[in-house]
Amino acid sequence: MEVVYVINGNAGNKGLCGKPVNSDCAIQSPPPPPLKSPPPPGIIGDVESSILSAITGILMLTAICLLAVALIIALYLICRGDRGRYHYRLHRGGGSFDPLYSPNNNPTASPSPDRASTPSSSAGAGASPSVGRLAFVRADRTQFSLQDLLRASAEVLGAGNLGSSYKAVLMGGEAVVVKRFKHMNQVGREEFQEHMRRLAGLQHPNLLPLVAYYYRKEEKLLISDFVPNANLATHLYGKDSSLDWSSRLKIIKGVAKGMLYLHKELTSLVLPHGHLKPSNILLDHSFNPILMDYAMVPILNPGEARNLLAAYKSPVCTANLGHPTRKTDVWTLGILILETLTGTSPDSHLQTWINSISKAAAEGNDESHWEIVFDAKIQGNLRESGGQMRELLKIGVVCCREDLDYRWDLNEAVERIQNLKEMDNM
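Count along the sequence shown from 1, then add 245; that gives the number in this note's numbering.
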């Protein structure tokens, strides 16, 4: 008999299951997906760095743009003038006045007829100009409009406590000086015009006459003739200063005459001048002195005069905030005499400077002593004019005395000055 062996081919495979092997299969969940490995640390750093760099660049660009906008706005406001007030932009050397008006006016509009000064509308001391119009106080002058003035070539002459001065050359070649005043924005129109009429009535060879004025609440302009030979300060302290004794005596005599005229004509003012100093004394080609910036107290803002005017440096005003007197102008005349003869400026140590000159004048007995006192440029005149020079110095000292009882009044000071001669033997 033949024996048949049935061999199971799956035998020995323990992992098999199902019907063929009569073994149930266990239910198994699918394996979880493999975890993604994190990116290398360097990649994260590079991405964050790129983002931060981009943000920083954007912020910097924004800041630069904002700064540029702020700068443009600031420049615009400067050119316009604070709060839109009318002002000048002035260029040296062939420049011109460039007007900018308040928002109520059109800065680009062509000149309108009502802005031009005409003989019938603005001539004479009694003129009452409308806004934007020059008022002429002298009928004998060729008149020009504000627009003519604004189109004129201009240069800066200087700036002082009261304001800035400009030389303007009109189309016809006439040169005038425009002084733009600060510290006058509280004076009313009628009060200002009345004082201008008062100044227009002053006529003296040693006073700079007013030609015209411009009134605006925020701005006051006074226009006068141009005097070509600079001022006394330039000739005393400039590099090319060469004033001799005769010229200095001539200047002092002219100043004294102008001061005396102001005191006689402006009797209602305590300070008919109030601001006498070398830079406010113009000189013509013959070295005749011409006073400017006089009688400004009535139109200055209340309280401003004490901080601005030369007269308020006098002892009576600096001691306990005292008030000036008619002799305060005499004090400024004395200071001017001492400056002119010594060629030195009192700067901030005013009383010390006065006392040192006073002491020298009292102790001087020989020529060598006086050579120390007088300006080196006029020491050569001591031999022929020493007596007159010393006498003028003593007049200056008396005019500067602190005690008003011992200070001469203006009449006596002027009389003594006029009696001086150029040389001792004259």
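We put the CB at the ideal spot given by N, CA and C, even for glycine.
Ordered along the chain, which non-local residues of its own chain (more than five positions away) have a Cβ less than 6 Å from that of residue i?
{"i": "residue 501", "result": "659, 662"}
{"i": "residue 642", "result": "603, 606"}
{"i": "residue 561", "result": "567"}
{"i": "residue 618", "result": "605"}
{"i": "residue 550", "result": "542"}
{"i": "residue 437", "result": "460, 544"}
{"i": "residue 427", "result": "408"}
{"i": "residue 423", "result": "411, 413, 466, 468"}
{"i": "residue 397", "result": "413, 414, 415"}
{"i": "residue 616", "result": "624"}
{"i": "residue 564", "result": "none"}
What does a CB cutoff of less than 8 Å around residue i pick up in its chain, not counting 5 residues either side in sequence?
{"i": "residue 629", "result": "668, 669, 670"}
{"i": "residue 505", "result": "655, 656, 659"}
{"i": "residue 298", "result": "none"}
{"i": "residue 387", "result": "417, 419"}
Below 8 Å between beta carbons: does that hold for residue i and residue j?
{"i": "residue 587", "j": "residue 602", "result": "yes"}
{"i": "residue 574", "j": "residue 631", "result": "no"}
{"i": "residue 389", "j": "residue 415", "result": "yes"}
{"i": "residue 527", "j": "residue 472", "result": "yes"}
{"i": "residue 572", "j": "residue 649", "result": "yes"}
{"i": "residue 464", "j": "residue 425", "result": "yes"}
{"i": "residue 410", "j": "residue 403", "result": "yes"}
{"i": "residue 590", "j": "residue 460", "result": "no"}
{"i": "residue 407", "j": "residue 627", "result": "no"}
{"i": "residue 458", "j": "residue 452", "result": "no"}
{"i": "residue 639", "j": "residue 595", "result": "no"}
{"i": "residue 531", "j": "residue 478", "result": "no"}
{"i": "residue 637", "j": "residue 665", "result": "yes"}
{"i": "residue 447", "j": "residue 510", "result": "yes"}
What residue range is occupied by the uninterrupted beta strand (DSSP E) comprising residue i?
{"i": "residue 639", "result": "Segment 627-644 is the alpha helix (DSSP H) holding residue 639; no beta strand (DSSP E) there."}
{"i": "residue 467", "result": "464-470"}
{"i": "residue 500", "result": "Premise fails: residue 500 lies in the alpha helix (DSSP H), 490-510, not in any beta strand (DSSP E)."}
{"i": "residue 460", "result": "455-461"}
{"i": "residue 399", "result": "398-404"}
{"i": "residue 536", "result": "534-536"}
{"i": "residue 389", "result": "Element bounds for residue 389: n/a, residue is neither H nor E."}
{"i": "residue 420", "result": "420-426"}
{"i": "residue 516", "result": "That residue, residue 516, is in no beta strand (DSSP E); it is neither H nor E in DSSP."}
{"i": "residue 413", "result": "408-414"}
{"i": "residue 526", "result": "526-528"}
If residue i sits next to residue j, beta carbons under 8 Å apart, how far is it from one beta carbon to the other, in whole angstroms?
{"i": "residue 534", "j": "residue 496", "result": "5 Å"}
{"i": "residue 421", "j": "residue 456", "result": "7 Å"}
{"i": "residue 544", "j": "residue 429", "result": "5 Å"}
{"i": "residue 578", "j": "residue 540", "result": "About 15 Å separates the two Cβ atoms, so there is no contact after all."}
{"i": "residue 469", "j": "residue 454", "result": "7 Å"}
{"i": "residue 555", "j": "residue 521", "result": "6 Å"}
{"i": "residue 623", "j": "residue 493", "result": "7 Å"}
{"i": "residue 445", "j": "residue 378", "result": "The pair is not a contact, with the Cβ atoms about 16 Å apart (cut-off 8 Å)."}
Got a sec? Which residues, its chain only, sit under 7 Å from residue i by beta carbon, not counting five neighbours each side?
{"i": "residue 354", "result": "Note on residue 354: pLDDT 35, under 50, position unreliable in the model; no value is reported."}
{"i": "residue 653", "result": "575, 643, 644"}
{"i": "residue 647", "result": "560"}
For the alpha helix (DSSP H) containing residue i, name the first residue and the last one.
{"i": "residue 579", "result": "573-587"}
{"i": "residue 445", "result": "434-445"}
{"i": "residue 553", "result": "550-553"}
{"i": "residue 602", "result": "595-608"}
{"i": "residue 655", "result": "655-663"}
{"i": "residue 482", "result": "477-482"}
{"i": "residue 560", "result": "560-563"}
Take the Cβ of residue i as the centre, count every other Cβ of all protein chains shown within 10 Å, and call the residue buried at 16 or more, exposed below.
{"i": "residue 499", "result": "buried"}
{"i": "residue 339", "result": "Here residue 339 scores only 41 on pLDDT, less than 50, and its place in the model should not be relied on; the value that follows carries that caveat. Its Cβ having fewer than 16 others within 10 Å, residue 339 is exposed."}
{"i": "residue 289", "result": "In this prediction, residue 289 has a pLDDT of 45, which is less than 50 and means its spatial position is unreliable; what the coordinates show is noted afterwards. Exposed, because fewer than 16 other Cβ atoms sit within 10 Å of the Cβ of residue 289."}
{"i": "residue 503", "result": "buried"}
{"i": "residue 599", "result": "buried"}
{"i": "residue 569", "result": "buried"}
{"i": "residue 676", "result": "Here the chain has residues from 246 to 671 only, and residue 676 is not among them."}
{"i": "residue 697", "result": "Only positions 246 to 671 of the chain appear in this structure, which leaves residue 697 out of reach."}
{"i": "residue 305", "result": "exposed"}
{"i": "residue 488", "result": "buried"}
{"i": "residue 529", "result": "exposed"}
{"i": "residue 538", "result": "buried"}
{"i": "residue 536", "result": "buried"}
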